[in-house]
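A.B. asks: Got a structure for you, written out below as structure tokens; questions coming shortly.
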Amino acid sequence: MHTKFSGTESSLAALFHSKAMARLVVFFAVHPGQRFHLRDLMRRTRLSSASLQREMQSLLDIRAVRREEEEGRVYFSAVEEHDAWRAWMLLLRSAAAPADVLREALVDAAGVEAAFVYGSIARGDARTDSDVDLFLLLEHEDHPAQFRRQLSDAEFLIGRTLDVIEYTVAAARERARSGNPFLRRVLAEPKTWLRGDDQTLSRLVTA
1 MHTKFSGTES
11 SLAALFHSKA
21 MARLVVFFAV
31 HPGQRFHLRD
41 LMRRTRLSSA
51 SLQREMQSLL
61 DIRAVRREEE
71 EGRVYFSAVE
81 EHDAWRAWML
91 LLRSAAAPAD
101 VLREALVDAA
111 GVEAAFVYGS
121 IARGDARTDS
131 DVDLFLLLEH
141 EDHPAQFRRQ
151 LSDAEFLIGR
161 TLDVIEYTVA
171 AARERARSGN
181 PFLRRVLAEP
191 KTWLRGDDQT
201 LSRLVTA
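Under UniProt numbering, read the sequence shown as residues 1 to 207, first letter to last.
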């Protein structure tokens, strides 16, 4: 299925000089210890070739990422001991809206048809220690271990506990039709969209 990403203004725009750089920083932060070739990075981050190459060169210039050649292919990985990563993670945790970080952290999560933050964060009355209520609408019930690690790393990145509710599209549709009280309440609450929008939700669940 085609999935629409939220295009709302992000708090990350005030913290990084470009959306592409913000996305790359979060991407590498939630994929620790992994390396990627340029085409794979472009596919996963959904950045244009020009934006990706420009910002990767910036990261190379300050030695925050390493470039390795192996069997004729070039791979990139974060130099995690570099001071820049500690600074960026502190910046994200202290100054970025949790939903904006999660939006970027889930950019390459396959099988997520819709995702939104609800509860106190979405209502705008959260405390600094409030959990982040995350609703995921999944194509299938089973998700790879990498997805779980990604959520765990995203939780560490925002410095808050993630309270994750997951439904498959089929299960959510069935419960919506049966009038499930919890699902009805969540669907009626304010939402901060990470992937998809109200039309996506209506098409997948309430149609």
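No residue lacks a Cβ here, since even glycine has one placed at the ideal position from N, Cα and C. These numbers come from a predicted model, not from an experiment.
1) Determine the direct distance from the alpha carbon of residue 31 to that of residue 153, and round the result to whole angstroms.
2) Taking all protein chains shown into account, do 16 or more other C-beta atoms lie within 10 angstroms of the C-beta of residue 181, making it buried, or fewer, making it exposed?
3) Would a C-beta distance cut-off of 7 Å place residue 76 and residue 36 closer than the cut-off?
4) Within 10 angstroms of the Cβ of residue 33, are there 16 or more other Cβ atoms? Answer buried if so, exposed if not.
5) Considering Cα atoms alone, identify which of 128, 172, 109 and 132 is closest to residue 27.
6) How far does the alpha helix (DSSP H) with residue 65 in it extend, from its first residue to its last?
7) Counting beta carbon pairs with one atom in the segment 121-135 and one in the segment 40-50, are three or more of them shorter than 8 Å?
8) Check the C-beta distance from residue 195 over to residue 112 and give it rounded, since I have them as a contact under 8 Å.
9) For residue 150, count the other beta carbons within 10 Å of its own beta carbon; 16 or more makes it buried, fewer makes it exposed. Which is it?
10) What residue range is occupied by the uninterrupted alpha helix (DSSP H) comprising residue 155?
11) Does DSSP classify residue 112 as helix, strand or coil?
12) DSSP three-state call for residue 202: helix, strand or coil?
13) Can you look up residue 117 in the DSSP assignment and give me helix, strand or coil?
14) Judging by CA-CA distance, which residue of 93, 84 and 50 is the nearest neighbour of residue 11?
15) In terms of residue numbering, what span does the beta strand (DSSP E) encompassing residue 170 cover?
16) From what residue to what residue does the alpha helix (DSSP H) around residue 27 run?
C.D. replies: Per the coordinate set shown:
1) Mapped onto the sequence shown, residue 153 falls at position 153. Mapped onto the sequence shown, residue 31 falls at position 31. When rounded, the distance between both Cα atoms is 8 Å.
2) Indexing the sequence shown from 1 puts residue 181 at position 181. Burial call: exposed.
3) The residue you call residue 76 lines up with position 76 of the sequence shown. The residue you call residue 36 lines up with position 36 of the sequence shown. In contact: residue 76 and residue 36 (Cβ atoms closer than 7 Å).
4) Reading the sequence shown from its first residue, position 33 is the one you call residue 33. With fewer than 16 Cβ atoms within 10 Å of its Cβ, residue 33 is classed as exposed.
5) For the purposes of this step, residue 27 is taken as the residue at position 27 of the sequence shown. For residue 27, the nearest C-alpha among the options comes from 109.
6) Position 65 of the sequence shown, counted from the first residue, corresponds to residue 65. Note, residue 65: premise wrong, no alpha helix (DSSP H); beta strand (DSSP E) at 65-70.
7) no
8) Within the sequence shown, the letter at position 195 stands for residue 195. Within the sequence shown, the letter at position 112 stands for residue 112. At roughly 6 Å, the Cβ-Cβ gap stays under 8 Å, so residue 195 and residue 112 are in contact.
9) Numbered from its first residue, the sequence shown carries residue 150 at position 150. With 16 or more other Cβ atoms within 10 Å, it is buried.
10) Here residue 155 refers to the residue found at position 155 when the sequence shown is read from its first residue. It spans 145-158 - the alpha helix (DSSP H) in which residue 155 sits, taken as one unbroken run.
11) Taking the first residue of the sequence shown as position 1, residue 112 is located at position 112. Three-state result, residue 112: strand.
12) If you number the sequence shown from 1, residue 202 lands on position 202. The answer is helix: DSSP assigns residue 202 an H, G or I state.
13) For the purposes of this step, residue 117 is identified with residue 117 of the sequence shown, where counting begins at 1. Note: residue 117 maps to strand in three-state DSSP.
14) Stepping through the sequence shown from its first residue, residue 11 is reached at position 11. Ranking the options by Cα distance to residue 11, first place goes to 93.
15) Working through the sequence shown from its first residue, we reach residue 170 at position 170. From DSSP, residue 170 is part of no beta strand (DSSP E) but of the alpha helix (DSSP H) over 169-177.
16) For the purposes of this step, residue 27 is identified with residue 27 of the sequence shown, where counting begins at 1. Looking at the DSSP string, the run of the alpha helix (DSSP H) that includes residue 27 is 19-29.
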